[in-house]
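Quick note, the working numbering runs 31 ahead of the 1-based positions in the sequence shown.
Take a look at the structure set out below.
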Amino acid sequence: MKCTRCRAPAQVRLPRIKAGFCPDCFKLYVERQIKRAVKQFDLIGPEDRLLVAVSGGKDSLALWDLLVKLGVRADGLYIDLGITGYSATSREKAQNFADQRGLSLRVVDLPARGEAVPGLAPFGSRSFCSTCGIVKRHYFNRAAAEGGYSALATGHNLDDEAGRLLGNLLRWQDGYLAKQAPSLPAEAPGLMRRIKPLIRLDEYEMAAYCFLSGIDYIIEECPHARGATSLKYKQVLNHIESLMPGTKWNFYAEFQSRRRRFTPGPGVGPDEAGTGAWRQCSSCGQPSWLEVCSFCRLKQKAALGTPSQATPSPAS
Ligand code: Q46
Ligand code: ZN
32 MKCTRCRAPA QVRLPRIKAG FCPDCFKLYV ERQIKRAVKQ FDLIGPEDRL LVAVSGGKDS
92 LALWDLLVKL GVRADGLYID LGITGYSATS REKAQNFADQ RGLSLRVVDL PARGEAVPGL
152 APFGSRSFCS TCGIVKRHYF NRAAAEGGYS ALATGHNLDD EAGRLLGNLL RWQDGYLAKQ
212 APSLPAEAPG LMRRIKPLIR LDEYEMAAYC FLSGIDYIIE ECPHARGATS LKYKQVLNHI
272 ESLMPGTKWN FYAEFQSRRR RFTPGPGVGP DEAGTGAWRQ CSSCGQPSWL EVCSFCRLKQ
332 KAALGTPSQA TPSPAS
């Protein structure tokens, strides 16, 4: 197969757009997809200064690389979750990436703060991953606000978002559907606007981009991701995509044009409080729907030493 753009031998085949590219034209294609996403969903303006949530994995490192290449002001944020057999390597990959390019990486060292996720998880009211989510959200918002950034950029790709969309639709989660967008405005002062610039690119394209750009990333997933329901939705969509290339993007893009039909209901805020207005957490000062935010409640429970009956993750 020849490169669709320059007729050199193609190295990356993309059935979903009926094209194939040589390495240089493929990288150009990826950059253009980011630019198109930025324009289509109004993600980044000239005044923006972004904080990129980096995990050491392919998506977040490629995202950071691409944003910087496109001239966007973007620093990185790495949260060391303290997960054995995963965090040390992922931190090393993130730090090396930043050092090699002279980029600024903020690191939140949870084990050093006595807040490693495995230590807090027994005190969470739900799964290991939901405790992890509470902790990450707290530090994302805190770091973004402290550093004066205008938005938090995450490396969610088309596979992640289409899989999540399928899961939300199958369970008719109206509240979550209403909020499933490539750009989410800040819901309250102190919370960050969130953007997903990789939304037009899939898992395979991101891995190919890293390989062709020499980006060294952690290949292993977090051990707690194994067996996650979200992976099953991705597998189903991959099967459909192999039969009908292009379906995944159409599914996601068509949903975006209909998203406003869904309205956020109670129970989808950061504290699952049901109703009520934003207020300041009396302990940490971050926006919360309750007197004390979910992160501080978690820490209070851990200090008291009374574990909840949380559902363990498949790998814990
Ligand atoms: S890092 Fe944390 Fe994920 Fe690992 S523990 Fe679960 S939520 S799977 S994105
Ligand atoms: Zn708090």
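Note that the Cβ used here is the ideal one computed from N, Cα and C, for glycine as well.
In this text, all values refer to a predicted model and were calculated from it rather than measured experimentally.
Taking 8 Å as the cut-off, the Cβ atoms of L189 and V166 do not count as close. In its chain, beyond the 5 residues on either side, A105, R132 and L134 have a beta carbon closer than 8 Å to the beta carbon of V99. Checking the 7 Å criterion, the Cβ of Q126 is out of range of every heavy atom belonging to the ligand ZN. Put simply, the segment 142-156 does not touch the segment 260-272. Fewer than three CB pairs are less than 8 Å apart.
One alpha carbon belongs to K265, the other to I110, and they sit about 25 Å apart. For P254, the secondary structure class from DSSP, reduced to helix, strand or coil, is helix. Cα atoms of S273 and V267: separation of roughly 10 Å, rounded to the nearest angstrom. Rounded to the nearest whole angstrom, the CA to CA distance from Y235 to A334 is 43 Å. Here T337 has F154 as same chain residues with Cβ atoms under 8 Å from its own Cβ, once five neighbours each way along the sequence are excluded.
The three-state secondary structure of K66, taken from DSSP, is helix. For the pair of segments examined, the segment 79-99 was found not to touch the segment 193-203: the number of CB pairs separated by less than 8 Å stays below three. Proximity of the beta carbon of Q211 to the ligand ZN is not indicated: no heavy atom of the ligand is located closer than 7 Å. Y283 is positioned such that its CB atom lies no closer than 8 Å to that of K58. In the three-state reduction of the DSSP assignment, Y248 falls in the coil class. Distance from the CA atom of A129 to the CA atom of P149, rounded to whole angstroms, is 27 Å. Following the DSSP letters along the chain, one finds I271 inside the alpha helix (DSSP H) bounded by residues T260 to L274. DSSP, reduced to helix, strand and coil, places K58 within a helical segment of the structure shown.
When secondary structure is reduced to three states using DSSP, V85 falls in the coil class, being assigned neither helix nor strand.
Taking a C-beta distance under 8 Å as the contact criterion, I65 and L108 do not qualify as a contact pair.
The alpha-carbon separation between R157 and R36 amounts to approximately 50 Å. In this structure, the ligand Q46 has a non-hydrogen atom nearer than 7 Å to the beta-carbon of G164.
Between the ligand ZN and V323, a heavy atom-to-CB distance of less than 7 Å is present.
The beta carbons of A175 and L82 sit closer together than 8 Å. Using a Cβ-Cβ distance cut-off of 8 Å, the segment 274-294 and the segment 40-59 are in contact, since at least three pairs of beta carbons, one from each stretch, lie closer than that value. Beta-carbon to beta-carbon, K227 and H187 are separated by about 5 Å, close enough to satisfy the 8 Å threshold. Runs of beta strand (DSSP E) with 3 or more residues, each lying fully within the segment 171-200, are found at 182-184, listed in chain order. Cβ contact annotation for R225 (same chain, cutoff 6 Å, sequence separation greater than five): L183 and L215, in chain order.
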